[in-house]
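According to mature numbering (1 follows the signal peptide of the UniProt record, and there is no 0), the stretch in the sequence shown is residues -27 to -1, 1 to 523, in order.
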Amino acid sequence: MASAPAHHLRVRVLLVVLCAVSASASASFPWPWKRSGHDYRDALAKCILFFEGQRSGRLPADQRAAWRGDSGVSDGRAAGAGVDLEGGYYDAGDNVKFGFPMAFTTTMLSWSVLEFGDDMPREERRHAADAVRWGTDYLLKTLAHPGVIFMQASARARRPHCTSTACHGRARRRTRTRVTGRSPALCMMQVGDPWKDHECWERPEDMDTERTVYNVSAGRPGSEVAGETAAALAAASMVFRDGDREYAELLLDSAKKAFEFADSHRGAYSDDMDLRAGGCPFYCDFNGYQDELLWGAAWLRRASGDDTFREYIQNNGKTLGAEDSINEFGWDNKHAGLNVLISKEFIEGEALSMQSYKESADSFICTLIPESSSPHIQYTPGGMIYKPGGSNMQHVTSISFLLLTYAKYLTKSSHTVNCGDISVGPDTLRLQAKKQIDYLLGDNPMKMSYMVGYGDRYPQRIHHRGSSLPSIKDHPERMACKDGTPYYDSSSPNPNPLVGAIVGGPGEDDAYGDDRADYRKSEPTTYINAPLVGVLAYFVGNPNPGHIRH
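Okay, here's the thing in structure tokens:
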């Protein structure tokens, strides 16, 4: 049996440099291919279904991704008796459970439901809530043991090793408004040894690599994972407030405790040698933890209505980098999303003191408008938002979500976005988002959908263990660590289509080779799909942005 390749140091460096392109190249995108109407409802259903293929733990009776089986049912035992970390999601194409991106995924799924759940068909609204709950049930477990927050469970490699300058973020400062409440002394961060996991190409149902458990604590802080966990639980509490009030109250109470932990024990997990060995280079915190503190406070403000969290933002915003001009939004950097979220209260006239967040949100939006005089984000010749570093569709879906959400907030007021010589209104933002999503669904130079199972032509050889190996239902015999290598090397289509998965997508030349080994382009992740749920829901209800239903 050939040895499995040392499966890829997946570089997902989120550069904060916005690559400028000429106005002539970006002002009007050439579309030489024929555009056709898209079935946004079908795309939405498949986008949500994807999360069932990423589930870890014992699967429910109504599991629709039937090729999957139970996995990771003993997760947590490595941390000691009584530690249960079963459940949650594998973040991408391997078998690791990273707490930081999983929490962000849960936040974005919740935000999708909150903003655009009314546009979802009833059945899809229920499936979306189920996807949120699969995440929150796990996140609650990571907070269940006094003294720690569990961060990660697994085995694998993503990025080059973090350097002290790249990972440390901004200098830690201590001025803050204290939010009271008993916080956990420990937060579980991660399950699994990423390095050992990545030496294997095996199904999650068969994995026999070490399920190492990583956690953050008062002595080994991880404010970014704790702050994002607070944001996720707070956002999710609003999803369940009408249908399951007891569960919603549990989520909100747990969010407050997670935030208190994050704020009381400030620091980045990337600064701890042992945590860095597990979290980096896979999900190294390049941006610092400060934005997650503001992000968590902003979600707690929205979920609770408690003025204490608004005061926290007002008193700590400057020292935590709120004024930094960073036009990024993703699992590591929350700045653009934070500005859009907080600006809601200012736009609605409820918090005039938050005007600076509206101004920062406007500045971000102007970088997306080719006709504006602002420095522009880079677009490919075919019109796709592009940022270097791989897994580019994460930018397409997250930025499209912010465009639609900001348009929604602006619609409820007389506010517009002033981009130099032009004034931009909500319809312009919606049309920009629609161009991106239609590109993703097939209106692109390759004439293919980048969602598995949608359209006539879509990726067949995605970088995903479970999808590329025979299903445990068809091949019940155990497949050991190296047994999957021939399937990894094969040019045959994956036997188990991971329906709804969005791959990393094409590069700056709009080219896509459908190569399983090219993980930067062919690997799906949960945080690509999560914001897309909201975007597609909006277009289900409003397929023609120029004719908006109010």
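The beta carbon of each residue, even a glycine, is placed where N, CA and C say it ideally should be.
Straight-line spacing of the CA atoms in H349 and I338 works out to 10 Å.
K385 sits exposed, since fewer than 16 C-beta atoms from the chains shown fall within 10 Å of its C-beta. For the pair I286 and G473, the Cα-to-Cα distance works out to about 37 Å. Sorting L112, P459, W304 by C-alpha distance to the C-alpha of Y500 places W304 at the top.
For Y460, the secondary structure class from DSSP, reduced to helix, strand or coil, is helix. N517 sits exposed, since fewer than 16 C-beta atoms from the chains shown fall within 10 Å of its C-beta.
Residues T353, P354 of the same chain have their beta carbon placed closer than 8 Å to that of D482, with the five preceding and five following residues left out of the count.
G30 is bridged by DSSP to S44. If you ignore the 5 residues before and after A380, its C-beta comes within less than 6 Å of the C-beta of P399, L402, R403, all in its own chain and listed in chain order. In the three-state scheme derived from DSSP, where H, G and I count as helix and E and B as strand, C257 is classed as coil. Taking the Cβ atoms as the reference, G30 lies roughly 6 Å from G45, within the contact range of under 8 Å. Straight across, the Cα-Cα distance linking P119 with A51 is about 17 Å. Beta-bridge partners of C454 (DSSP): none assigned. Under the 8 Å Cβ criterion, the region 265 to 275 counts as touching the region 298 to 316, having at least three qualifying pairs. Beta-bridge annotation (DSSP): I395 is paired with C392. I286 sits in a helix when the DSSP states are folded into three classes.
Annotation: G322 is outside any alpha helix (DSSP H) and is labelled neither H nor E by DSSP.
Here the region 192 to 210 lies against the region 75 to 93, with 3 or more beta-carbon pairs under 8 Å apart. By the Cβ rule, the region 255 to 271 does not count as touching the region 183 to 193, because fewer than three pairs are nearer than 8 Å.
With contacts defined as CB atoms closer than 9 Å, T370 and N502 qualify as a contacting pair.
Spanning the alpha carbons of N391 and L341 requires a straight line of approximately 13 Å. Nearest to I395 by alpha-carbon distance, out of S347, L112, Y359, is S347.
A check of alpha carbon separations from G61 across A324, N467, F77 identifies F77 as the nearest. The three-state reading of DSSP puts M211 in helix, counting H, G and I together.
Within the same chain, Cβ atoms closer than 6 Å to the Cβ of Y427 are found at A16, K19, the five residues on either side in sequence being excluded. Cβ contact annotation for E219 (same chain, cutoff 7 Å, sequence separation greater than five): none. When the Cα atoms are used, L113 and E197 turn out to be separated by approximately 16 Å. The beta carbon of V476 sits closer than 6 Å to those of Y423, P432, I435, S495, P497, all from its chain and outside the five residues before and after it, given in chain order.
Pairwise C-beta distances place the region 403 to 412 out of contact with the region 453 to 462, as fewer than three of them are shorter than 8 Å. It is roughly 7 Å from the alpha-carbon of L442 to the alpha-carbon of N467. Distances from the alpha-carbon of G108 to those of W40, D91, M124, R28 put R28 closest. Beta-bridge partners assigned by DSSP to M424: I475. With a cutoff of 9 Å on beta-carbon distance, E284 and A235 are scored as not near each other. In this chain, T498 is not harboured by any alpha helix (DSSP H), its DSSP state being neither H nor E.
For Y511, DSSP records no beta bridge to any residue. Rounded to the nearest whole angstrom, the C-alpha separation of A510 and A54 is 43 Å.
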